[in-house]
Amino acid sequence: MLKDFTKLETFLTVVRERSFSRASAKLGISQPAVTQQIKFLENYLDTKIIERKKNGIRLTAAGEELYKVAVRLEKCIHDADYDILKIINKKITFRLGTSFTIGNYVLPGECLNTLSQVINNDVKLTIEVSRKIVEMLKDRQIDLGLIEAPIFDDALVVREWKEDELVVFSNVPIPKVLRPEDLYEFKWVCREEGSQTRQVVKEVFEELGVACRDFNVLSEVSNTTAVLQTVKRAKKDKEHPTVSIISHYAIEEEVQNGTFYEARIQGYTMKRKFYIVYLKDNKHNAYVNNTVDFILSGKC
Numbered sequence: 014m015l016k017d018f019t020k021l022e023t024f025l026t027v028v029r030e031r032s033f034s035r036a037s038a039k040l041g042i043s044q045p046a047v048t049q050q051i052k053f054l055e056n057y058l059d060t061k062i063i064e065r066k067k068n069g070i071r072l073t074a075a076g077e078e079l080y081k082v083a084v085r086l087e088k089c090i091h092d093a094d095y096d097i098l099k100i101i102n103k104k105i106t107f108r109l110g111t112s113f114t115i116g117n118y119v120l121p122g123e124c125l126n127t128l129s130q131v132i133n134n135d136v137k138l139t140i141e142v143s144r145k146i147v148e149m150l151k152d153r154q155i156d157l158g159l160i161e162a163p164i165f166d167d168a169l170v171v172r173e174w175k176e177d178e179l180v181v182f183s184n185v186p187i188p189k190v191l192r193p194e195d196l197y198e199f200k201w202v203c204r205e206e207g208s209q210t211r212q213v214v215k216e217v218f219e220e221l222g223v224a225c226r227d228f229n230v231l232s233e234v235s236n237t238t239a240v241l242q243t244v245k246r247a248k249k250d251k252e253h254p255t256v257s258i259i260s261h262y263a264i265e266e267e268v269q270n271g272t273f274y275e276a277r278i279q280g281y282t283m284k285r286k287f288y289i290v291y292l293k294d295n296k297h298n299a300y301v302n303n304t305v306d307f308i309l310s311g312k313c
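Going by the working numbering, the sequence shown wraps up at 313, each residue one higher than the last.
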C-alpha cells in the first residue's frame with residue numbers, strides 16, 4: 014500500500030517535466046532518488062509505467078492510467094490542505110528570508126500582502142546575503158528562503174524558481190556591447206569576496222581570459238544596494254566610467270529613466286538561477302507548501 018503521496022508526486026513531476034533530470038531539479042532531490050521512486054511504483058504495480066526516450070519520456074498504457082489517478086489524488090490533497098488550514102486557523106508569523114537582490118528588487122511590493130492573504134497569516138521578511146539565509150533556515154530562524162545560489166545539503170529541499178541575468182552598468186553612457194579589452198578602461202565597484210554575484214562574474218572572466226587583478230578597483234561592497242549607491246554617486250567620467258555588475262532586476266527602472274546605462278559582454282550572457290529553499294522536515298508543512306506554490310505560480 015502507498016502510505017504517502019511523495020512517490021506519486023515524483024511521478025507527476027517527471028511526467029510534467031518530461032525529464033528525470035528536470036524533475037530532480039524541481040523537486041530538490043537527486044536524480045537517482047527520482048529513479049528509485051519511479052522504480053518503487055513500477056515494482057508496486059508490477060508493470061512498467063515510464064519509458065525513457067532520447068527526446069524525453071513516454072508513458073506506457075499503465076502509466077497513462079496511473080497519471081489520471083495521481084492527478085485526481087493531487088487535487089483532493091490540495092483541497093484537503095486548504096480545508097485543514099481553515100480548520101486550524103492558526104495564528105503564526107510566517108518567516109520568509111531573501112537575498113538583498115531578491116528582497117529589494119525582485120519581489121513586487123504587493124507580494125507579501127498577497128502571500129499573507131493566501132496563508133491567512135502575517136509574513137515577516139528578513140533580507141540577508143544568501144549564505145546567511147541558509148544558516149538561518151537550518152537554525153530554524155526562518156521558514157523558507159529565496160536565494161541566488163544552489164545549495165547542496167541533504168537537510169534542504171532546493172527548487173529552481175526564476176532566471177536572472179547579470180549586466181554591466183554605469184552612471185554614464187557606455188557601449189551596449191563590450192569587448193573583453195574594454196573592461197580594463199573602467200573604474201570598478203566590486204562585490205565582496207564570497208558573494209554569489211562575484212563567483213558568477215569570476216567564472217565568466219576566467220573564460221574570457223580577463224585578469225581582474227589588473228582592473229582599477231575603487232571599492233568592494235557587501236550588497237546590491239551598496240553597489241547601486243556607489244555607482245550612482247560616482248563622478249561622471251565618460252573617458253573612464255565607473256561600472257559594476259549587477260542583476261538586471263535591480264536597475265530596470267533606472268535604465269528606463271536614464272539614470273543608469275547597461276551593457277553586456279560580447280559573446281557572453283551572464284545567466285543564473287534564483288532558488289527556493291526550505292528544510293526537508295517541512296516538506297509536508299501546509300504553510301510552506303502553499304507559499305512555495307504561490308511563489309512558483311508567478312504571482313510573486
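Built from N, CA and C at the ideal position, the CB exists for glycine as well.
CA-to-CA distance, residue j to residue i, given in whole angstroms
i    : j    : result
T111 : I140 : 5 Å
N126 : L120 : 11 Å
E123 : C313 : 8 Å
K20  : R144 : 31 Å
V305 : R172 : 9 Å
P166 : G271 : Residue identity differs from the one stated: residue 166 is Asp in this sequence, not Pro. Cα-Cα distance, rounded: 42 Å.
E178 : K286 : 9 Å
Cutoff 7 Å; reference residue i; Cβ partners in own chain excluding five residues on either side
i    : result
I308 : W174 and I289
V325 : Only positions 14 to 313 of the chain appear in this structure, which leaves residue 325 out of reach.
Coil, strand or helix - residue i by DSSP
i    : result
C375 : Because the chain is modelled from 14 through 313, residue 375 falls outside the range shown and cannot be assessed.
S129 : helix
T60  : coil
A12  : Any answer about residue 12 is impossible in this case: the structure gives the chain only from 14 up to 313.
S43  : coil
N229 : strand
A74  : helix
D166 : coil
A247 : coil
Cβ-based burial, residue i [other Cβ within 10 Å; buried from 16]
i    : result
K200 : buried
Q154 : exposed
N56  : exposed
I160 : buried
G222 : exposed
R85  : exposed
I164 : buried
Beta carbon proximity, residue i to chain D, threshold 8 Å
i    : result
V244 : Reference to chain D is not applicable here, since this structure consists of a single protein chain.
Sequence-distant residues of its chain with Cβ nearer than 6 Å to residue i (five each side left out)
i    : result
F228 : W201
Q50  : K20 and T23
Q242 : none
Other residues of its chain near residue i: CB distance less than 8 Å, five sequence neighbours each side excluded
i    : result
K215 : C225
I90  : F18
(request) Evaluate the contact criterion for the stretch 174–185 versus the stretch 247–257: three or more CB pairs, one atom per stretch, below 8 Å. (result) yes
(message) Could you check whether the stretch 67–84 touches the stretch 24–33, counting it as contact only if at least three pairs of C-beta atoms, one from each stretch, sit closer than 8 Å?
(response) yes
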